[in-house]
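Novice: Before anything else, here's the structure in question.
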Amino acid sequence: MDADGDQPVELSFARGLPLTRAAIAFARSHHAGQRRAADGASFLVHPLEVASLLDRSNYPDHVVAAAILHDTLEDTDVERSELEARFGSAVAELVALVSDDPAIADEEQRKDRVRERVRRAGGYAPVVYAADKVSKVRELRTLIARGLPEQEASIRRRRYQKSLAMLERAIPGSRVVELLRFELEALDRLPPQPTEA
Numbered sequence: 003m004d005a006d007g008d009q010p011v012e013l014s015f016a017r018g019l020p021l022t023r024a025a026i027a028f029a030r031s032h033h034a035g036q037r038r039a040a041d042g043a044s045f046l047v048h049p050l051e052v053a054s055l056l057d058r059s060n061y062p063d064h065v066v067a068a069a070i071l072h073d074t075l076e077d078t079d080v081e082r083s084e085l086e087a088r089f090g091s092a093v094a095e096l097v098a099l100v101s102d103d104p105a106i107a108d109e110e111q112r113k114d115r116v117r118e119r120v121r122r123a124g125g126y127a128p129v130v131y132a133a134d135k136v137s138k139v140r141e142l143r144t145l146i147a148r149g150l151p152e153q154e155a156s157i158r159r160r161r162y163q164k165s166l167a168m169l170e171r172a173i174p175g176s177r178v179v180e181l182l183r184f185e186l187e188a189l190d191r192l193p194p195q196p197t198e199a
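Put into structure tokens, the structure is as follows:
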């Protein structure tokens, strides 16, 4: 057990993926102490969910590893050069492609820039981005049930709809994009009801 009280992370989907296993240990170390806003769970739950979605669709080890690491540039002190040295240029490039640019102050412009970068990059960047959005929409459902103000929920929904529109053009027919469409439709048509605390 570590300082956060977390058990070592050994997940079945990572058993045959050495790069992914190394990425889990790295992300766990660098995201230590971070918690999810929706449920207070270890932040690591989010990148693990993203990676699991891609593993279930049989993406290669370096793509699943990038999914684990996708928030390290944004949310930790990790530099791209460190990712490249430890995990290779393909992983570092994927992580950089799906990361917000902190130099852009306006949040909407930052999100638009990432969407455009992912669209132009093609390759595996759109699937990592799509899996991240699936996880984020699921988290949004929980936040709404816990009383997230409607204005904030609406802003996030619009962003995810813009992401879905881009992804449907970039990687039509992708299983992960189909899952994102389902999650957004379910959120709109079967909205969660705020729960009592």
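Under my numbering, the first residue of the sequence shown is numbered 3, with each subsequent residue one higher. Glycine residues also receive a C-beta, built at the ideal position from the N, C-alpha and C atoms.
1. Is it the case that the region 151–166 contacts the region 179–196, given that we only count it when at least three CB pairs across the two stretches are under 8 angstroms?
2. Excluding five sequence neighbours on each side, which residues of the same chain lie with their C-beta closer than 8 angstroms to the C-beta of residue 67?
3. How big is the Cα-Cα spacing for residue 153 and residue 143?
4. By the 10 Å Cβ neighbour count, where 16 or more other Cβ atoms means buried, how is residue 192 classified, buried or exposed?
5. Residue 32 to residue 49, Cα distance in whole Å?
6. How about residue 72: is its Cβ closer than 8 angstroms to a heavy atom in the ligand PLP?
7. Within the same chain, show all residues whose beta-carbon is closer than 8 angstroms to that of residue 74, passing over the 5 residues directly before and after it, in chain order.
8. Got a sec? Which residues, its chain only, sit under 7 angstroms from residue 82 by beta carbon, not counting five neighbours each side?
9. Leaving aside the five residues before and after residue 101 along the sequence, list all residues of the same chain whose C-beta is less than 6 angstroms from its C-beta, in chain order.
10. Suppose you measure from the CA of residue 126 to the CA of residue 172; what does that come to, to the nearest Å?
11. In or out: residue 44 buried (at least 16 other Cβ within 10 Å) or exposed?
12. When DSSP builds the beta bridges, which residues end up paired with residue 31?
Specialist: Let me spell this out:
1. Contact annotation: the region 179–196 touches the region 151–166, with at least three C-beta pairs closer than 8 angstroms.
2. What you label residue 67 is simply residue 65 of the sequence shown in a count that begins at 1. Its chain contains 19, 21, 22, 24, 25, 53, 89 and 93 as the residues whose beta carbon lies nearer than 8 angstroms to that of residue 67, once the 5 sequence neighbours on both sides are disregarded; these appear in chain order.
3. Working through the sequence shown from its first residue, we reach residue 153 at position 151. Working through the sequence shown from its first residue, we reach residue 143 at position 141. Their Cα atoms are separated by approximately 14 angstroms.
4. The sequence position of residue 192 within the sequence shown is 190, counting from 1. Residue 192 should be labelled exposed.
5. Counted from its first residue, the sequence shown places residue 32 at position 30. Counted from its first residue, the sequence shown places residue 49 at position 47. Residue 32 and residue 49: Cα-Cα distance of roughly 12 angstroms.
6. Looking for the ligand PLP in the displayed structure turns up nothing, as the structure carries no ligands at all.
7. Taking the sequence shown and counting its residues from 1, the one referred to as residue 74 is at position 72. Within the same chain, residue 74 has close Cβ partners 28, 29, 32, 33, 80, 85 and 97.
8. Looking up residue 82 in the sequence shown gives position 80. Only 75, 94 and 98 meet the Cβ criterion.
9. For the purposes of this step, residue 101 is taken as residue 99 along the sequence shown, with counting starting at 1. Cβ within range, chain order: 75 and 76.
10. Within the sequence shown, the letter at position 124 stands for residue 126. Within the sequence shown, the letter at position 170 stands for residue 172. Rounded to whole angstroms, residue 126 to residue 172 spans 11 angstroms at the Cα level.
11. Reading the sequence shown from its first residue, position 42 is the one you call residue 44. By the 10 Å Cβ count, residue 44 comes out buried.
12. For the purposes of this step, residue 31 is identified with residue 29 of the sequence shown, where counting begins at 1. Looking at the DSSP assignment, residue 31 forms no beta bridge with any residue, so it has no partner.
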